[in-house]
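Residue numbers (the numbering used here), protein chains in the order written: chain V, 153 to 435; chain S, 153 to 435; chain A, 9 to 109; chain U, 9 to 109.
All residues carry an ideal CB built from backbone N, CA and C; glycine is no exception.
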Amino acid sequence: TRTLHTKLTNDDIARYSRQLILPDFGVQGQLKLKNSSVLIVGMGGLGCPAAQYLAAAGCGHLGLVDYDHVERSNFHRQILHSETRVGWTKPDSARFALLELNPHCEIRSHVRLLNRFNALNIIRSYDVVLDCSDNVATRYLLSDACVMLQKPLVSGSALKMDGQLTVYNYANGPCYRCLYPVPPPKESVTNCGDGGVLGAVTGTIGAMQALEAIKVIVGLGDVLAGRLLIFDGSTSLFRNIRIRNKRPNCHVCSAQPLITQLIDYEMFCGMRANDKDAEQNLL
Amino acid sequence: TRTLHTKLTNDDIARYSRQLILPDFGVQGQLKLKNSSVLIVGMGGLGCPAAQYLAAAGCGHLGLVDYDHVERSNFHRQILHSETRVGWTKPDSARFALLELNPHCEIRSHVRLLNRFNALNIIRSYDVVLDCSDNVATRYLLSDACVMLQKPLVSGSALKMDGQLTVYNYANGPCYRCLYPVPPPKESVTNCGDGGVLGAVTGTIGAMQALEAIKVIVGLGDVLAGRLLIFDGSTSLFRNIRIRNKRPNCHVCSAQPLITQLIDYEMFCGMRANDKDAEQNLL
Amino acid sequence: MGTPELKIILEFSAGAELLFGNIKRRELALDGNQKWTIAKLLKWMHANILTERPELFLQGDTVRPGILVLINDTDWELLGELDYELQPRDNVLFISTLHGG
Amino acid sequence: MGTPELKIILEFSAGAELLFGNIKRRELALDGNQKWTIAKLLKWMHANILTERPELFLQGDTVRPGILVLINDTDWELLGELDYELQPRDNVLFISTLHGG
Ligand SMILES: [Zn+2]
Ligand SMILES: [Zn+2]
């Protein structure tokens, strides 16, 4: 059990002064952040900037999930990792960089592939979850788990010059399954390894994932729930899409759910929970 | 005079593989980046993420301009600086962090307040300029100088939960003076020190400044010239605004300019070229 | 007087355009004497402008899982899906879902 | 039959809303028997909804330097500025310029 902070330190005030003077923010908003905990799943192109802006803003507890190790091909977009940390696990490398930015942030590395057996236990102790993952199976797993544990899920994704962002399972909005009841055919799924992705695009979406998480925690503005933001980096055009409500017959988030325990998501999707061998057929 | 690179090294290919496979990018695009030089004016909330994504993407030469020193109140948004570098100049602190991210980037610190006497000499050797500054006088100075030297100017700004982005002086689009022939009354100008600003908002705009610079350098997609992107972080809504063309009677960028040398911009604006004492009356 | 036309705009985002000649925005002038539902539009698209592997766009009579259909920036689920009847100047947007990071 | 109304939408961005009761979006129903230019709209705004220091919004008969006026997301300079005549359902957006970073 965590300590509940009820006061800001002098260092907090010096550090966050330009932020806590914002309208509707104040000392109470900063304390909410300090007492909050956010789980970031995937320490890649989206997870790095999202973690960076959450740590900088004074989020008290961050959990970082990734099973992967730092490689040279990460550096063009995964801006918390560096040459000197090649071979480190991504959560450990990111934690190292984040503590330099804000030593007051408590950061826990979860070096593992999230699956049906460990997900609920890991997610349970966090207030908000960020989906910064890179594959379909993990996206269904995270959404189902967040519905079961009633956690808002800030979901970002990016490929090539495109990005997408929404908040699931918040303020009566839909979950991932409401929007996508059936997984896509695996031939239609391109991963960042095969399709490429521009770091400035993941940076834009990742920073906005931090923004949505801060809005959820502090209770600020209008959160992107029930709306999907789509970004075309090649034209620098954004579009705000009104998406459906909760599906009354959603298998997970409706009043009478058919699915009440996590399932085998690699089987359900016919795809692995990583972007390294999406071509491998499991079925 | 710089070496012109005509080949990528093996390290380049490993490092940028996920980016150079993008459509319309390729080895030629990566070489253009490697041979490019970008000047970033202001190493604050916008300059930090912009520099980060330009260095990560493989921009060969970065110039960083700021006269200021790292303080605690910077950390919540200026994510290249850190506690261990309090008191360093901002360009030196940023340079340190950027070289860790990409040691192949040549980075030059310009520790000075940009003014009418030094601006042209500093800007001259760069291909693209990023306006990440925090005051009106510097914005006019940079725009005028970029018109005189024919450099595209990627202009970002942010305050509280709002952000704005456009590219001036590019593809026959307007300059800053075309849009704002007369400086605003100084009572109407709020700086980030007084009004506050959220780091995730500067992060979003800063990452997109890097994106626009990369598009200009590589020749990718549609650059945000003649258009203004406005971002309301409290609602997460973006809007694309069609702005005016070059003003036929613009004092600087028209065919018969009235202003052909840099002027005293603090006098012209009635405001200092920093955000620290905007209230002080110069006139 | 010419035949009446039903003018609409088709848009594709996040990769869906790759199946349609890599064109992100098209202005269509459909035969205005007929009633055009989205179901009928999908058949027309299949016959006329779908240039790549149709199974990556259609599954049975509808779009494949993972493609969102937006009519005037609103999810088609809120508007009747396949049965929605196109109106003049409607904007129909097809978005591929992204999964990468 | 009632008096005809000219319905338009007013929006404020990046701080301009602070001069107008901190409301970012308003739907107006103006007297439809009259012709409404932007010049006239500015006078109406001054008289009816401008709650804070008017000199931070107006200067003489026009908006002060540093405020952009957009009509249906297009710079008013392309549309006749003060002389533009408002049409039903027009969206008029006032943006304060930001200078911070
Ligand atoms: Zn659901
Ligand atoms: Zn000009």
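Paired residues, beta bridge with residue 34 of chain U - DSSP: U/18
Own chain, CB closer than 6 Å to residue 237 of chain V, minus 5 neighbours either side, in chain order: 222 and 245
Chain V residues whose Cβ lies nearer than 8 Å to that of residue 312 of chain S: 174 and 175
When V/349, V/347 and V/293 are compared against residue 332 of chain V, the one with the closest alpha-carbon: V/293
Rounded separation between residue 304 of chain S and residue 298 of chain S - CA only: 7 Å
Nearest to residue 373 of chain V (by Cα), restricted to the options V/364, V/379 and V/381: V/364
8 Å Cβ cut-off: residues of chain V touching residue 106 of chain A: 309, 310, 311, 314, 315 and 316
4-residue-minimum alpha helix (DSSP H) runs that sit fully inside the region 227-310 of chain S, ordered along the chain: 242-253, 271-275 and 288-301
Cβ neighbour criterion (16 or more within 10 Å) applied to residue 226 of chain S: buried
Near ligand 1: residue 400 of chain S beta-carbon under 7 Å from a heavy atom: no
Sequence-distant residues of the same chain with beta carbon closer than 6 Å to residue 239 of chain S, five excluded per side: 221
Check: residue 62 of chain A C-beta below 7 Å from any heavy atom of ligand 1: no
Cβ contact check for the region 388-396 of chain S and the region 208-218 of chain S: 3 or more pairs under 8 Å: no
is_contact[residue 336 of chain V, chain S] using C-beta, thresh 8 Å: no
Touching by the beta-carbon criterion (3+ pairs, under 8 Å), the region 404-419 of chain S and the region 318-332 of chain S: yes
Coarse secondary structure for residue 60 of chain A, derived from DSSP in three states: coil
Proximal chain U residues relative to residue 275 of chain S, where beta-carbon distance stays under 9 Å: None at all; the shortest Cβ gap to chain U is about 18 Å.
For residue 55 of chain A, the three-state DSSP class (helix, strand or coil): helix
Ligand 2 heavy atom lying under 7 Å from the CB of residue 263 of chain V: no
For residue 497 of chain S, the three-state DSSP class (helix, strand or coil): Nothing can be reported for residue 497 of chain S, as the shown portion of chain S is limited to 153 through 435.
Chain S residues whose Cβ lies nearer than 7 Å to that of residue 85 of chain U: 396
Residue 329 of chain S, enclosing alpha helix (DSSP H) - first and last residue: 328-331
Own chain partners of residue 247 of chain V with C-beta closer than 7 Å, once the 5 adjacent residues on each side are dropped: 216, 259 and 261
Residue range of the alpha helix (DSSP H) that includes residue 170 of chain S: 162-172
Rounded distance between the beta-carbons of residue 171 of chain S and residue 348 of chain V, thought under 8 Å: 6 Å
Secondary structure of residue 350 of chain S, DSSP reduced to three states: coil
Residue burial classification, residue 101 of chain A (beta-carbon count within 10 angstroms, cutoff 16): buried
Under 9 Å by beta carbon: chain S residues contacting residue 420 of chain V: Those within 9 Å of residue 420 of chain V in chain S number zero; the least Cβ separation is about 28 Å.
Residue 185 of chain S: first and last residue of the uninterrupted alpha helix (DSSP H) it sits in: 178-186
CB of residue 309 of chain V within 8 Å of CB of residue 320 of chain V, strictly: no
Among S/196, S/156 and S/340, nearest to residue 186 of chain S - alpha-carbon criterion: S/156
Near ligand 2: residue 404 of chain S beta-carbon under 7 Å from a heavy atom: yes
Cβ-heavy atom distance, residue 73 of chain U to ligand 2, below 7 Å: no
C-alpha distance - residue 88 of chain U paired with residue 80 of chain U, whole-angstrom precision: 13 Å
Endpoints, the alpha helix (DSSP H) within which residue 205 of chain S is located: 199-209
Contact test: residue 379 of chain V Cβ vs ligand 1 heavy atom, cutoff 7 Å: no
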